[in-house]
Every structure is written in C-alpha cells, then in structure tokens.
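Undergrad: Residue numbers (our numbering): 3 to 237.
Structure provided below as structure tokens; questions to follow.
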C-alpha cells in the first residue's frame, strides 16, 4: 500500500487499519474484474467498506480527490499501465495506495513483493502494511516504474489489449518482434550525477526498480532522478 506524498524515506510502517477503500478497476486489464471478487471478500471480512469505480470514469486528478474524500485509501486493481494512469489522481487525493496486481507484467507489484493472488494482496492492505516509494515526473506526468524513449515505447504501442489478453506475457515478445522492424538507433545525451554521456542506442530508460526486464537495446541508463517530496507509500 502506498501513502500520501511526504519526505523521502525507505522505511516500512504499519498504519491504522483502513475502514473504507475507494477501488479503481480497469475492465480492460488482462485479468478483468473477476479477480476483484476474491479481494472484496477479504475487505468485507475485515469490515472495510468499498466503493468501486472504473478508472476511465475519473475525469481528472481533482475528480479523484473529490470522489475518494471519505476513503482511507485508494486501491488500484490492474497492472502497471493502470497504475500509471491513476498516479496523478492518487497523488492529488493524498491517500495511501493499495495494489491488486491483475495486469500482464505487474512490475511494480513484483518489485514491492506484493502477492500476485488478489486475496493475498488484499490481506496486505487490510493489515495496513505500508512502504514509502519514489515517484518520478516527466513533462508533467507521474510514473512509478520507469520512463523511456525508444524501443520500449515502440513495444508499448504494439502491445495492444487484444495481444495481452490472448498471449499474456508472451505478448511482449510478439510486440518486440514487431517493434524491431520499425525502431532505429538514435543519439542521446544522458546527464547524471557523474556528468554527461553521449550515446547511440535503441533506448534510454530512467527508473528505479529491482526487476529490470531485458530489452534488445544497446544501452540502458538508470539514474535516481526522483524528487524527494514526490513520494508515495506502497504495500
């Protein structure tokens, strides 16, 4: 579960158990809405009231803040794409973030060791276990995992909902093969704490996570560029 913006800290904590959760659902996620049922059973047994809403019904970060005003936390039910889409609203709402990982890759959830089983993930939320994590911002858009230019962007464009639904993680390989036909090397200047590096590459990625999927790129740089006051907690 992730908490409201605060000073940077890697400490784990146990917050007061939540009483009401505002749950965002992505009906287009590979797992659909069916896995949510198991999590709702856990919430109900713990006495946590739940209000659910499709993510695409949230018009703006201000709308998210208004609709979750009486909730103790916001739970996002989906994968990494759903989390990215919800990031600005979660930060605006100033509420802890709970994750029910039912997407294709679920990189953030795996990095945080959140169980893949929705009921087990719900029990983490019910217990109130929190962990502070970094949030990045590029061109006014927040991200939890990584921000990229190049190869991975082309892969994402070709990884359609239909491919993910039919092929699951294998869909990444299919999208990668298709992207290789279109992507071309480019020159970039990477600026980090140790100076500048000029590279010719297929991809540049900026992020902070333990699990890095290997992409067919010449060079990938990762720097800690997260601002200390842009942090959220996560279970």
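Glycine included, every Cβ here is placed at the ideal spot set by N, Cα and C.
Treat the numbers as computed from the prediction; the structure is a model and nothing was measured.
#1: Are there 16 or more other CB atoms within 10 angstroms of the CB of residue 213, so buried, or fewer, so exposed?
#2: Could you pull the DSSP bridge partners for residue 127 from this structure?
#3: Residue 29 and residue 120 look like a contact to me (Cβ under 8 Å); what is the Cβ gap, rounded to whole Å?
#4: Considering only DSSP beta bridges, list what residue 144 is partnered with.
#5: Would you verify that the beta carbon of residue 110 is, or is not, closer than 8 Å to some beta carbon of chain B?
#6: In the DSSP assignment, the alpha helix (DSSP H) including residue 56 goes from what residue to what residue?
#7: Tell me which same chain residues have a C-beta within less than 7 Å of the C-beta of residue 50, skipping the five on either side of it?
#8: Any chance the segment 176 to 195 sits against the segment 130 to 140, with 3 or more Cβ pairs inside 8 Å?
#9: Which value, in whole angstroms, describes the spacing of the CA atoms of residue 173 and residue 182?
#10: DSSP three-state call for residue 81: helix, strand or coil?
#11: What does DSSP give as the partner residue(s) for residue 150 in the beta ladder?
#12: Can you tell me where the alpha helix (DSSP H) with residue 165 in it begins and where it stops?
TA: With the structure as the only source:
#1: With a pLDDT of 47 at residue 213, under the threshold of 50, the predicted position of this residue should be treated as unreliable, though the coordinate-derived value follows. With fewer than 16 Cβ atoms within 10 Å of its Cβ, residue 213 is classed as exposed.
#2: For residue 127, which the question treats as bridged, DSSP gives no partner whatsoever.
#3: Wrong, their Cβ atoms sit about 15 Å apart, outside the cutoff.
#4: 139
#5: No chain B is present in this structure, which holds just one protein chain.
#6: Careful: residue 56 lies outside any alpha helix (DSSP H), inside the beta strand (DSSP E) at 51 to 56.
#7: 20, 21, 22, 23 and 128
#8: no
#9: 14 Å
#10: The answer is coil: DSSP assigns residue 81 none of H, G, I, E or B.
#11: 207
#12: 163 to 169
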